[in-house]
Structure formats: structure tokens, C-alpha cells
């Protein structure tokens, strides 16, 4: 398994890390078991966030008494220094630790800087001076903001969406981040569940100096990633050809399922409904045709065109139009007019 050094943090870990967002959906017992299996299988880097409900608490339980054996990163969506400090104290308590290896500003729409009037970067520096955090990181979804972050030279790590659907601009961002001495943490390596070939996803990541954090919820998912500790993923002509074909079918305006557009005033489950066409074809399941999902999709008819989702989408998608297209396609599938 290839090892990655996260820039000037000096953190060295296998290029195969655990994204702890999905464990908020399972029981504490199952989550702790999953996290310990990940560690026993070779993973040493675990990424969570204050915004992931009880994810931090589960990570804390899993690694209590063995803090020095793992790297733990968390995040805050605080907008004021006061809320920042509250979040940090809550996170440390939840994780049963007195320090974080990396603390990250979460899903920012600006590059926090010293003297910008927000006091946010100063709050990070203070926490680092107090020994509560060891390295300062940041996460973003907007490419322009991410580029500004790299150019600022203020951060030790950048977390940004990266997978084999990456554009040339995304790839240049990775190279610029590494050249700047920063660690690049790759989120959304499966593009919100649309990419289903683990070999292709891992082979792509292996070509770059990035640390992918795979969102894991089930043991069978974890088994896929732990398998790469036994059999290293390598890019082959066959995998490269598969990736190119997949890119042709998915590039363009499609929903990654990040959920930052939520909640919807009309009750639409946007993060799945706006990509149902891809989901139902790429991961066929009778569940998608259930009465429950037919009901969920029918809520699209009640879209009030308020535009709130469009303003919050980090990818600038025309979500109301995307929802209608997916609903039209879905109705044809339910009626049998289109076979999947």
C-alpha cells in the first residue's frame, strides 16, 4: 500500500483512509466495530466533523486508550470565534482526546485570513498555540475558493472533492496544493455513490499524492478498501479505458449528492431525487421503484421554484430543472416505457 505524507504536517499514513460521515447512520456498537476493523486492517487516518451528528462520539469510543496510534481530523462550520471555541471543546470531549491532528474549517465559501475581520483564523492559531490542534486545515467545494486557499499559504491541508471525474482544473489544483507543501485530502472519491468500481477509483487515486477518505457504512464496503492492503491498486490499460468510458457517460451537469442544498421547503429529497436517473441505472435496486421512492419522487411536482437550492449548490447546478428531468425519466422507468 502506497503511503502519503500530508505536506508540511509530516503526517504519514497509508493512501487509504476512513471517512466517518456515514457511521452516523448506524448504531454505536456497529460503528465502533467498523472503526476498529478499519484500524486492524491498516487504516490509521480517520476524518469526522462536528456536523456529522454523533460520528465524533463513535470515533472517540472506538479509539479511546489508543489515541497515539491513529490520526484524527475533524471540522467546524462555525462562523464566529465564539462558536468556533464551543465546537472545538465539544469535539474534543466527543473524541475523548485533548488534541486533534487536523482541525478544518468546514465547507467554506471564503478563505479565512488574519485580519479579515472575522477573527476565525486567529481562533485557529490560538487553538494551535494551546496544543488543542496540531495542524490547520480547511475544506471547500468551490474550485475558485480552493485555489485562493492554496495561494494564501495559510493552511496545512486542503480537503476537496476529487475522483476520476476530475476536470483539468481539479487536477491542476491537486498539483498546486502539493507544490505549495500542503496535504490534499480527497473527499467524494465515489462521487456521492455514482462510481461503483473500487479498483478504478483506487487506481486513479494512486496516480496522485492525495489521501482519499472513503465514506464507509457497511462491513462489505470496508472489505473492498481493506483488500487494497493485500493487493495494491494499479492503473492498467483496461482500467484506464473503463474510466474514460465512465467519464463520457457522467461528465457534465449531474448531482454529486453532497446535500448542501438541503433542506428543501417543499420537502424534496434533492440529494437523491436530482440524481435518480444515474442511481437507478448504475446501482439497480428494486428499492428505487418502491412506493416510498415513488412518493419521494412525486414531491418534485410540488417544487415552488424558490431557487434556494440553486444558491446553495457548490457546483452551480440548475437544481429545479435537474429535478424535473430526473422525474420525467423516473416516470418512464416506472411505467415500463424505459427499461433499466
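Numbering (this note's numbering), first residue to last: 684 to 1023.
Just so it is clear, CB atoms sit at the ideal spot from N, CA and C, and this is done for glycine as well.
Here the structure is a predicted model, which means the values were calculated and not measured.
- CA-to-CA, the gap between residue 827 and residue 1019 works out to about 43 Å.
- Sequence-distant partners of residue 689 (beyond 5 residues in either direction) whose C-beta falls short of 7 Å from its own C-beta, in its chain, are 840, 866 and 894.
- Taking residue 1010 as the centre and dropping the five residues before and after it, the same chain places the C-beta of 980 and 983 closer than 7 Å to its C-beta, in chain order.
- The alpha-carbon separation between residue 958 and residue 814 amounts to approximately 43 Å.
- For residue 738, the uninterrupted alpha helix (DSSP H) run begins and ends at 738 to 746, by DSSP.
- DSSP lists 870 as the beta-bridge partner residues of residue 844.
- In this structure, residue 929 sits away from residue 1005, with a CB-CB distance that is not shorter than 8 Å.
- By the beta-carbon neighbour count (other beta carbons within 10 angstroms, threshold 16), residue 926 is buried.
- Distance from the CA atom of residue 767 to the CA atom of residue 802, rounded to whole angstroms, is 10 Å.
- According to the DSSP secondary-structure assignment, residue 783 is paired through a beta bridge with 816.
- One thing to note: residue 956 has its Cβ no nearer than 8 Å to the Cβ of residue 992.
- Around the beta carbon of residue 989, fewer than 16 other beta carbons sit within 10 angstroms, so the residue counts as exposed.
- A direct Cα-to-Cα measurement between residue 685 and residue 731 gives close to 23 Å.
- Sequence-distant Cβ neighbours of residue 864 in its own chain, meaning closer than 7 Å and more than five residues away, are 690 and 691.
- Residue 758 carries a strand assignment under DSSP once its states are collapsed to helix, strand and coil.
- Straight across, the Cα-Cα distance linking residue 765 with residue 806 is about 9 Å.
- Residue 724 and residue 909 do touch by the CB rule: their CB atoms are close to 4 Å apart, below 8 Å.
- Three or more Cβ pairs closer than 8 Å define a contact, and the stretch 699 to 713 meets that threshold against the stretch 885 to 904.
- When the five nearest sequence neighbours on each side are left out, the beta carbons in the same chain lying within less than 7 Å of the beta carbon of residue 829 are those of 823, 841, 843 and 856, in order along the chain.
- Within the same chain, and ignoring the five residues on either side of residue 849 in sequence, no residue has its Cβ closer than 7 Å to its Cβ.
- Taking a 10 Å sphere around the C-beta of residue 970, we find fewer than 16 other C-beta atoms and assign the residue as exposed.
- In its chain, beyond the 5 residues on either side, 986 and 988 have a beta carbon closer than 6 Å to the beta carbon of residue 1003.
- For residue 696, the enclosing beta strand (DSSP E) begins and ends at 695 to 697.
- By the criterion of a C-beta distance shorter than 7 Å, residue 784 is surrounded in its chain by 694, 754, 755, 756, 817 and 818, once the five residues flanking it on both sides are discounted.
- For residue 1012, the enclosing alpha helix (DSSP H) stretches over residues 1002 to 1018.
- Non-local C-beta neighbours of residue 705 in its own chain, meaning closer than 7 Å and more than five positions away in sequence, comprise 898, 899 and 900, ordered along the chain.
- In this structure, DSSP gives residue 686 an extended state, which the three-state scheme calls strand.
- Taken in chain order, the complete beta strand (DSSP E) segments of 3 or more residues contained in the stretch 881 to 954 are 894 to 898.
- Counting of Cβ neighbours within 10 angstroms places residue 774 among the buried residues, the total reaching 16 or more.
- When 776, 953 and 961 are compared, the shortest CA-CA separation from residue 933 is found for 961.
- The beta carbon of residue 838 sits closer than 8 Å to the beta carbons of 819, 820, 821, 832 and 865 from its chain, once the five residues preceding and following it are set aside; these are given in chain order.
- Under DSSP, the beta-bridge partners assigned to residue 702 are 730 and 898.
- Straight through space, the alpha carbons of residue 915 and residue 836 are spaced by roughly 33 Å.
- The Cβ atoms of residue 884 and residue 847 sit closer than 8 Å to each other.
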